[in-house]
Each structure stands twice: as structure tokens, then as C-alpha cells.
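Visitor: The sequence shown begins at 79 in the working numbering and counts up by one.
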Amino acid sequence: MPTFQPVRGMRDLLAEDAEAMTFVMGKARETAQLYGYSEVITPVIEPYELLSAKSGEEIRSRMFTFKDLGNRTVALRPEFTSSIARLASTSLKNEPKPLRTFSVGSVYRYDEPQRGRYREFYQADFELMGTSNPEADAEMILLTDRLMKTVGLRNYAFKLGHIGVIRGILSQENVEEKTQNAILQRMDKKEFDEAFKLVKSEECLSTLRGSLELKSDDVFETAEKIKSHVEGYCKAVDSAEELKNILKLVTEGGCQVQSVEPVFARGLEYYTGLIFEVYIPELGIALGGGGRYDKLIELFGGEPTPATGVAHGLDRIVLAMQMQKCAPMMECARKVFVVPVNESMKGEALRISQILREEGISAELEVMGRKMNKALENADRRKLDYAVIVGERELKQGAVVVRDLAKRDQTVVEIAKLAKIIKA
Ligand code: HAM
């Protein structure tokens with residue numbers, strides 16, 4: 079047989095990478111708990127029709143789609159929102175509102191693999207359903223801010239926009255929804271000239287072109303400029319006003335928004351209101367993004383249920399933490415290697431390992447039967463912190479030898495004080 083490698087775009091996460099991913103997942107789960115989001119676990123495989131309904135051309139064309147043995151057309155989820163909207167229109171439909179859900183796991187898109195872009199990646203997803211109030215949109219940004227902070231990221235920046243501004247203009251100009259989607263897809267890729275080619279009305283074109291020039295350093299000023307620029311397009315004006323309200327709430331909530339984009343679109347087609355993304359300057363791709371989708375649950379047969387949400391790209395957050403050398407990554411728990419000096423000490427070594435674990439200390443037992451120097455060499459190579467050497471002489475005094483593997487010095491420590499000393 080040949081040797082095998084993972085399929086292109088798929089990765090094995092080993093040791094430190096797996097640890098970093100688990101760390102970020104833990105922080106996302108902690109955030110969910112702090113904000114009152116209940117975890118739900120949905121299948122990786124869903125009906126193609128569900129996932130493709132409003133995902134947009136870009137994601138639709140990149141889905142891993144196949145027929146199962148029962149001849150059903152299914153796909154690997156490219157995101158969580160459709161699955162959660164399915165839940166909200168079925169099993170959770172009678173739950174009191176608002177509904178706050180949290181999900182974490184792998185998602186799949188046939189993207190071109192490069193740094194921070196994989197075909198299997200991990201998301202933490204937060205959805206808040208049952209209200210169209212702006213404080214719900216603000217909550218998405220605030221919880222994203224909190225997650226970025228708790229993993230130790232600095233200099234991250236929020237970019238906000240409102241899909242209702244562009245859609246408001248296009249709808250009033252009678253541009254049909256399919257063409258609107260095509261225009262927004264191109265805008266998402268910053269292919270503005272291509273997008274504008276699809277617009278027929280001169281007035282509409284000049285409003286859209288003019289929007290590109292509206293940005294100023296002050297986000298409130300940009301929002302105000304958008305509002306006056308789209309005068310005459312009433313839905314666009316309402317959207318700009320809503321954007322201002324959300325911006326105000328986010329700021330009052332203690333989070334700073336760095337930019338408001340007058341012409342901002344995101345790949346997914348279900349958005350109806352505020353949209354946003356978060357970045358760090360070192361990485362030109364978003365660490366997370368989300369927005370309001372008021373029609374999706376209804377589309378899946380549920381009651382009309384306004385909703386908003388966000389998903390964080392956990393692989394990219396790990397990458398960003400590595401680039402910024404974030405402190406929490408360095409704060410690894412101490413790791414101890416427990417080595418019996420000979421055959422007769424194995425039982426004692428097992429007992430002492432248990433004592434350490436009960437105190438929350440990670441203890442690995444030497445199970446290879448190696449000689450002491452070989453065992454210590456191995457512990458060194460794997461960057462463990464301490465070796466606890468279990469020998470007859472010290473045991474008679476109720477003690478063990480503790481060797482600091484970095485400093486290469488050792489002392490005799492009473493077993494009763496062992497955990498305390500290692501933690502200190
Ligand atoms: P999204 O912007 O498509 O939104 O994805 C969210 C995040 O997933 C991105 O900001 C990025 O960090 C990460 N991501 C996307 N593609 C890749 C990739 N190929 N490799 C690594 N990371 C990637 C959604 O998925 C929406 N469901 C968010 C949402 C929730 N909107 C409302 N509720």
C-alpha cells in the first residue's frame with residue numbers, strides 16, 4: 079500500500095495545534111455561557127436544498143455535495159446558520175423567544191487552500207432569534223469583541239455595513255432579486271466594475287458609484303453621509319438610520335467600531351440588515367462575520383422570526399493568536415512526568431500520578447520501562463515541566479524527588495505538599 083496524506087485542503091491538527099484549537103473552542107463556549115447561549119449540536123450532513131437555499135452562489139458552488147446510498151442529495155454543512163434556522167422552524171419553534179443558540183464544530187467549503195483558508199475548518203456560531211431590535215445586533219458585535227479579548231488578541235477592528243442600503247436602492251429601481259444577488263456577490267469580491275455592469279438605470283448607477291466615495295475616518299459621520307447620499311430611496315434611508323442606531327448602541331456598550339463601509343456585501347444571500355466582520359491588521363482575511371437574516375426561518379416554513387448571528391473562524395483566530403504571540407497561548411498548564419525508579423515502584427508511581435490529577439495537574443506516567451536517564455531525556459524532548467521520581471529511599475520519608483526539567487535541578491518534596499509546590 080502507498081503511504082497516505084490528508085486530502086488537499088484537509089489538515090491533521092497535532093499536539094500544539096490541537097491544543098490551541100481546543101483552547102479557542104473553550105473560550106467560545108465560555109463566551110456562550112456568559113451571554114446566555116445554549117449549545118446545540120446539529121449534523122454535519124444536511125439536505126442540499128436546505129444548505130443551498132440562501133447560501134449564495136459562491137458558497138453553493140463550493141459545497142461538498144453528494145448522493146447518499148438512499149439517493150438523497152446531501153452536503154457537508156458549509157456553515158451553521160441554515161441548520162439553526164431549520165431547528166427554529168421545527169423542534170425549537172415553540173420555545174419562548176428570544177432563542178439564543180451556540181454551536182461549534184467543523185464546516186466544509188471547497189475553497190482554494192492557502193494560509194487561513196482550508197476546505198475543512200472550525201467555526202463557533204452564535205444565533206439570536208426572535209427580535210428585530212438593534213440591541214440584538216449590537217450583542218453580536220459585543221460578544222465577538224469579548225471573544226477576541228479573552229483569547230488575547232489586540233488591534234482587531236470591526237467593519238460594519240447594512241445590506242439594506244444597496245438592496246433598498248436596487249429594489250426601488252425594480253432590479254429583480256436574482257440580479258441583486260449577482261451584484262452583491264461581485265461587490266463582496268470588490269469587483270465593483272463588474273457589479274455596476276449589471277445595473278441599467280443611470281441614476282441608480284451614479285448613486286452606487288457615489289457611495290464608494292463616502293467613507294470618512296469618523297464612523298458616525300460615514301453613517302450620516304450614507305443616509306443623506308441615498309435620499310429618495312426610502313428603504314435605503316431607513317437602513318442607514320438603523321445602522322446609525324446599532325453603531326450608537328455598540329459604542330455605548332463599550333466597543334469601538336473602526337470602519338463603516340457604505341458598499342459592503344457578504345457572500346451569504348440570507349442577510350437582510352446589519353452585516354459585519356472583524357479583522358486584525360496582520361491578516362487580510364476576516365476572523366469572523368455575521369449579520370441579520372430576518373426571512374430565513376420563515377423560508378424554511380417557520381413563523382416569521384427576525385434573527386441575527388455571527389460565526390467565528392477558529393482556525394483563523396488561532397493563526398491570529400500565533401501572529402500576535404498572545405499570552406493565553408503561552409499560559410499552558412504545567413505538565414508532570416512521573417517515573418518509577420524500578421519495577422517495584424510502579425504501583426506507587428500510579429498512586430502519586432492519581433494524587434496529582436485529582437489536584438488538576440496533568441501527570442503522565444512513564445510506561446515504556448526505560449532507564450531513568452532515557453526517560454528524562456524523553457521528557458525533556460517533549461518539553462514537560464517536571465519529573466517526579468518515585469524511589470524507595472524518599473518514599474520511606476513520605477516524599478519523592480521533583481526535578482525541574484528546564485532548570486535541571488532537583489529537590490526532595492513531601493508527597494503531601496507535592497501538588498502545591500508544582501502549582502506554585
Ligand atoms: P462566513 O463569513 O461565511 O459567515 O464565515 C465566518 C468565518 O468563517 C469567516 O469570517 C472566517 O473566519 C471563517 N472562514 C470562512 N471560510 C473559511 C475557510 N475556507 N477557511 C478557514 N476559515 C474560514 C458564516 O458562516 C455565517 N454563517 C455567519 C452568520 C451566523 N451569519 C449569521 N449568523
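By construction, the Cβ of each residue, glycine as well, lies at the ideal position given by its N, Cα and C atoms.
(1) Once the 5 residues before and after residue 426 are set aside, which same chain residues still bring their CB inside 8 Å of it?
(2) So is the beta-carbon of residue 83 under 8 Å away from any non-hydrogen atom of ligand 1?
(3) Output the boundary residues of the beta strand (DSSP E) element that contains residue 382.
(4) So what's residue 181 in DSSP terms, helix, strand or just coil?
(5) Skipping 5 residues on each side, what residues in its chain have a beta carbon closer than 7 Å to that of residue 297?
(6) Could you tell me the distance, in whole angstroms, from the CA atom of residue 165 to the CA atom of residue 387?
(7) Suppose you measure from the CA of residue 351 to the CA of residue 211; what does that come to, to the nearest Å?
(8) May I ask you to check if the CB of residue 203 is nearer than 8 Å to at least one heavy atom of ligand 1?
(9) Residues in its own chain within less than 6 Å of residue 394 by CB, not counting five upstream and five downstream?
(10) Report the rounded CA-to-CA distance for residue 214 versus residue 206, giving the unit in angstroms.
(11) In chain order, what residues of the same chain have a beta carbon less than 6 Å from the beta carbon of residue 369, not counting five sequence neighbours either side?
(12) Hey, residue 318 and residue 243 are a contact pair by Cβ (cut 8 Å); roughly how many whole angstroms apart?
(13) Tell me where the beta strand (DSSP E) around residue 361 begins and ends.
(14) What first and last residue would you give for the beta strand (DSSP E) that runs through residue 443?
(15) Thinking C-alpha only, which one of 230, 185, 110, 371 is nearest residue 400?
(16) Measure the C-alpha to C-alpha separation of residue 150 and residue 125 and round it to an integer number of angstroms.
(17) Go ahead and label residue 263 buried or exposed: buried means 16 or more other beta carbons lie within 10 angstroms of its beta carbon, across all protein chains shown.
(18) Anyone know if the C-beta pair for residue 178 and residue 116 falls short of 9 Å?
(19) For the segment 445-490, list the alpha helix (DSSP H) runs that are entirely contained and at least 4 residues long, ordered along the chain.
(20) When you compare the CB positions of residue 306 and residue 300, do they come within less than 9 Å of one another, or not?
(21) Closer than 8 Å to a non-hydrogen atom of ligand 1 - does that hold for the CB of residue 241?
Guide: The relevant details are as follows:
(1) 418, 468, 473
(2) no
(3) Run containing residue 382: none; DSSP gives neither H nor E here.
(4) strand
(5) 325, 335, 337, 338
(6) 15 Å
(7) 11 Å
(8) Ligand 1 approaches residue 203 closely enough that one of its heavy atoms is under 8 Å from the residue's Cβ.
(9) 194, 365
(10) Counting only the Cα atoms, residue 206 lies some 7 Å from residue 214.
(11) The answer, listed in chain order, is 349, 352, 353.
(12) 6 Å
(13) 361-370
(14) 440-443
(15) 230
(16) 8 Å
(17) buried
(18) yes
(19) DSSP runs (the alpha helix (DSSP H)) wholly in the segment 445-490: 450-459, 470-474.
(20) no
(21) Every heavy atom of ligand 1 is 8 Å or more from the Cβ of residue 241, so no.
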